[in-house]
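First comes the structure, then the notes that go with it.
Number of protein chains: 2
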Amino acid sequence: MKEKEFIKLISNTLKSDYIGDDCAYLKDLGIVISQDNLVEDVHFSMKFTDAYKLGYKSAMVNISDIAASGAEPKYLTIGLSLPNNIDSNFIENFYKGLKKAAKNMEIVGGDITGSDKIFVSITAVGVAEGRKISSRKNAKVGYKVIVSGEHGASAAGLKNLFEGKQNKFTDIHLMPEAQIDFSKNISQNIKTDYAMMDTSDGLMDALIQISEASDVMLDINFEKIPYDRDLEKYPDYKDLILYGGEDYQLVACVPKDFEVKNSYEIGSVVEGNGVQMNGQKILNAENKIYNHFKEQK
Amino acid sequence: MKEKEFIKLISNTLKSDYIGDDCAYLKDLGIVISQDNLVEDVHFSMKFTDAYKLGYKSAMVNISDIAASGAEPKYLTIGLSLPNNIDSNFIENFYKGLKKAAKNMEIVGGDITGSDKIFVSITAVGVAEGRKISSRKNAKVGYKVIVSGEHGASAAGLKNLFEGKQNKFTDIHLMPEAQIDFSKNISQNIKTDYAMMDTSDGLMDALIQISEASDVMLDINFEKIPYDRDLEKYPDYKDLILYGGEDYQLVACVPKDFEVKNSYEIGSVVEGNGVQMNGQKILNAENKIYNHFKEQK
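Protein sequence lines, in the order shown, are assigned to chains A and B. Read left to right, the first sequence gives residues 1 to 297 (this note's numbering). Read left to right, the second sequence gives residues 1001 to 1297 (this note's numbering).
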């Protein structure tokens, strides 16, 4: 059973309207909230990262979810479970990394316990005031599809880490940057409903999620997707760009005439369903999309 | 290194005023927030519990933290990491248990991922409106010390589970009840600052934490602490009552003339430091207090 089927089951069990977007928008409190788990040897390996970078990325993953909602990232809480042999250095560096990533936020608490493997769960709270909050359900026919930046680098970085290399791609993989300015530019200025997601599970995954939730087709032009030309050295670079994940860029569907600074228009929202790339319908994308329940070797 | 030293280190690294209470009070948003990790074979064992009870208790542990702050428990998010072999039944029952515990709350999202062992991290949000929020720093000389109910049953239950028994104590251990009415009675009516904590890590631990944070002594009369008389069958029943933990009762220090329905007065706040029980100063309590970094066998 896959993550998405689990989420469907949870949604059915709870009969909740909140399950669906990465952040829950609690209108009565004027906040969005998001929680992510990072598990050693599933989401990260201490062979490739260190306490500082792990803390940094753990925060950034959640800040990215808040950015995807359009809200202002404001507070973090951290649940950290650690093996017995971890020392105070690890904890100090982990929290320094967290603090670096969460520069305009406050880290306000959490929990620390024992465990066999490192388990990090971070909750981020964003403030909705003065912002219009996104939903992946809000893509409308006639909207344009825009992204905040380059895709594929993080997946190439992970490949390189497995090969024992260090380069610009590995840096991007280990210390990504959430797109909070892109988010703010949209959510502070837009008047209409819009869709936005981060591309943590890959650009294609985000496009498919938006198309399904909004019941529209996203018509994408591959040539318009920005990427580092050095990726072309990899034979599967197109897959890295579309399915790689963990770039923590944002993809949004907004009205054609709504201008977003530093954005790249990669396609448009049309009638239909699913995603079409250069005129070709994308089928069986699930097999390529990164799935946490698949072993990652 | 122990949990409390870790928390001190984190607090120093972050230079944050928020670390200390189980809940962080975010005044600008009018909310309190709390996060707890529950790790398989550290905090629970699937030999003794099941998915429904685990879901129930995971929520209740956090609801208890919110109750300790005096806020109204309102929203939950859940980060759940599960081994590959877990089926949809487990997830359905886990969420049914969550829902049962969180009866007046909404479960609004979270994360689900893979892992070797079961990791549960729950974040609870409480609303401060119309309530006075507690702090363990707020015990004052002349206040009385009150508890919401009986102690020791949960620890006896855990003992029984290890011995393969099932009885009223094991039920209390597996499905505790957060003291939200006790919390509400205080926080909606009190005019002055007050201290309140849950007794998740044991009654003595809570008393010591309050005495340290408030720089006072708590003078306790053991005979006043309510407990199930069947506990007296256990030779170490006094330790179960004082150090056992996981009863999820509340202990509060409030003005002498402030009446709290269904509360038990167990002592008073006096000048000095630490805890005094029937005239005897409690020393080296750390060795008895449950510590997550100690192996539990």
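Quick reminder that beta carbons are idealized off the backbone N, C-alpha and C, glycines included.
Does chain B have any CB closer than 8 Å to the CB of glutamate 286(A)?
Judged by the 8 Å Cβ criterion, glutamate 286(A) is not in contact with chain B.
Would lysine 1024(B) pass as an interface residue toward chain A - the criterion being a Cβ-Cβ separation below 8 Å?
Here residue 1024(B) turns out to be alanine, not lysine, going by the sequence shown. Chain A, which has a Cβ nearer than 8 Å to the Cβ of alanine 1024(B), makes this yes.
Starting from valine 61(A), trace the alpha helix (DSSP H) both ways and give me its first and last residue.
Where valine 61(A) is concerned, the enclosing alpha helix (DSSP H) stretches over 51 to 69.
Leaving out the 5 sequence neighbours to the left and right, which residues in its chain are closer than 6 Å to asparagine 1138(B) when beta-carbon positions are compared?
Cβ within range, chain order: Asp1193, Tyr1194 and Ala1195.
Cβ of alanine 71(A) within 8 Å of Cβ of valine 108(A)?
The answer is no: Cβ separation not under 8 Å.
Could you please give the first and the last residue of the uninterrupted alpha helix (DSSP H) stretch that includes alanine 206(A)?
203 to 214 is the span of the alpha helix (DSSP H), which, as asked, contains alanine 206(A).
Mind checking which residues open and close the beta strand (DSSP E) that includes serine 1121(B)?
Note, serine 1121(B): beta strand (DSSP E), 1119 to 1127.
Classify aspartate 1087(B): buried if its beta carbon has 16 or more other beta carbons within 10 angstroms, exposed otherwise.
Classification for aspartate 1087(B): exposed.
Just checking, does the stretch 244 to 262 of chain A make contact with the stretch 196 to 205 of chain A on the three C-beta pairs under 8 Å criterion?
Yes, the stretch 244 to 262 of chain A touches the stretch 196 to 205 of chain A.
Residues of chain B with CB under 8 Å from phenylalanine 119(A), in chain order?
What phenylalanine 119(A) touches in chain B: Asn1037, Val1039, Ser1081, Ser1115, Phe1119 and Ser1121.
Using a Cβ cut-off of 8 Å (strictly closer), state whether isoleucine 7(A) contacts chain B.
True, the Cβ-Cβ gap to chain B drops below 8 Å.
Is the CB-CB distance between isoleucine 220(A) and methionine 175(A) below 8 Å?
No, the pair does not count as a contact, with Cβ atoms beyond the cut-off.
With a threshold of 8 Å between beta carbons, is methionine 1001(B) in contact with chain A?
Per-residue confidence for methionine 1001(B) stands at a pLDDT of 47, beneath the threshold of 50, marking its modelled position as unreliable; the derived number appears in the next sentence. With 8 Å as the cut-off, methionine 1001(B) counts as an interface residue toward chain A.
Cα separation between leucine 9(A) and tyrosine 75(A)?
When rounded, the distance between both Cα atoms is 30 Å.
Applying the criterion that 16 or more other CB atoms from any shown protein chain within 10 Å of the CB defines a buried residue, is histidine 292(A) buried or exposed?
Confidence is the limiting factor: at histidine 292(A) the pLDDT is only 46, short of 50, which leaves the residue's position unreliable and the question unanswerable from this model.
Can you look up phenylalanine 1048(B) in the DSSP assignment and give me helix, strand or coil?
Correct three-state label for phenylalanine 1048(B): coil.
Contact criterion: CB-CB distance below 8 Å. Does aspartate 111(A) meet it with respect to chain B?
It does: the Cβ of aspartate 111(A) has a partner Cβ on chain B nearer than 8 Å.
What residue range is occupied by the uninterrupted alpha helix (DSSP H) comprising lysine 96(A)?
Counting along the chain, the alpha helix (DSSP H) containing lysine 96(A) begins and ends at 88 to 101.
Can you check whether the CB of isoleucine 1210(B) is closer than 8 Å to the CB of arginine 1136(B)?
Taking 8 Å as the Cβ cut-off, arginine 1136(B) and isoleucine 1210(B) qualify as a contacting pair.
Strictly under 8 Å for the Cβ-Cβ distance: is valine 269(A) near chain B by that measure?
Not one chain B Cβ lies under 8 Å of valine 269(A).
To the nearest whole angstrom, what separates the beta carbons of phenylalanine 1119(B) and serine 81(A), a pair I think is in contact under 8 Å?
Contact flag correct, Cβ pair sits at about 7 Å.
Out of Val39(A), Ile122(A), Cys23(A) and Leu14(A), state which residue places its alpha-carbon closest to the alpha-carbon of lysine 1096(B).
Ranking the options by Cα distance to lysine 1096(B), first place goes to Leu14(A).
Can you grab the Cα-Cα spacing for the pair methionine 60(A) / aspartate 22(A), in whole Å?
Rounded to the nearest angstrom, the two C-alpha atoms are 14 Å apart.
Assign glycine 164(A) to buried or exposed, taking buried as 16 or more other Cβ atoms, counted over all protein chains shown, within 10 Å of its Cβ.
Exposed is the call here.
Identify, in the order they occur along the chain, each residue of the same chain with its Cβ nearer than 6 Å to the Cβ of asparagine 1037(B), setting aside the five sequence neighbours on each side.
Ser1121.
For serine 148(A), which residues of its own chain have a beta-carbon under 6 Å away from its beta-carbon, when the five flanking residues on both sides are left out?
Only Gln179, Phe182, Gln249 and Leu250 meet the Cβ criterion.
Give every residue of the same chain whose Cβ lies closer than 7 Å to the Cβ of leucine 1240(B), excluding the five residues on either side of it in the sequence, and list them in chain order.
Answer for leucine 1240(B): Gly1152, Ala1155, Ala1156, Leu1231 and Tyr1234, listed in chain order.
Just the C-alpha distance for lysine 1004(B) and serine 134(A), rounded to the nearest angstrom, thanks.
Lysine 1004(B) and serine 134(A): Cα-Cα distance of roughly 40 Å.
Give a yes or no on whether 8 Å exceeds the smallest Cβ distance from histidine 43(A) to chain B.
Closer than 8 Å: yes.
Expressed to the nearest angstrom, what Euclidean distance is found between the alpha-carbon atoms of tyrosine 52(A) and asparagine 93(A)?
If you take the alpha carbons of tyrosine 52(A) and asparagine 93(A), they lie about 5 Å apart.
Tell me, which residues are paired with methionine 197(A) by DSSP?
Note: methionine 197(A) sits in a beta bridge opposite Val251(A).
Just mark glutamate 40(A) as buried or exposed, buried being the case when its beta carbon has 16 or more other beta carbons within 10 Å.
Per the 10 Å Cβ criterion, buried.
Expressed to the nearest angstrom, what Euclidean distance is found between the alpha-carbon atoms of lysine 1288(B) and leucine 1242(B)?
The alpha-carbon atoms of lysine 1288(B) and leucine 1242(B) are separated by roughly 9 Å.
CB-CB under 8 Å to serine 1214(B), same chain, minus the five flanking residues each way: which ones, in chain order?
Cβ within range, chain order: Arg1136, Lys1137, Asn1138, Ala1139, Lys1140, Ala1195, Cys1253 and Val1269.
Taking 8 Å as the threshold (C-beta atoms), are isoleucine 1063(B) and alanine 1101(B) in contact?
Cβ distance < 8 Å, so alanine 1101(B) and isoleucine 1063(B) count as in contact.
I want to see whether chain B comes within less than 8 Å of serine 58(A), judged by CB atoms only; does it?
Judged by the 8 Å Cβ criterion, serine 58(A) is not in contact with chain B.
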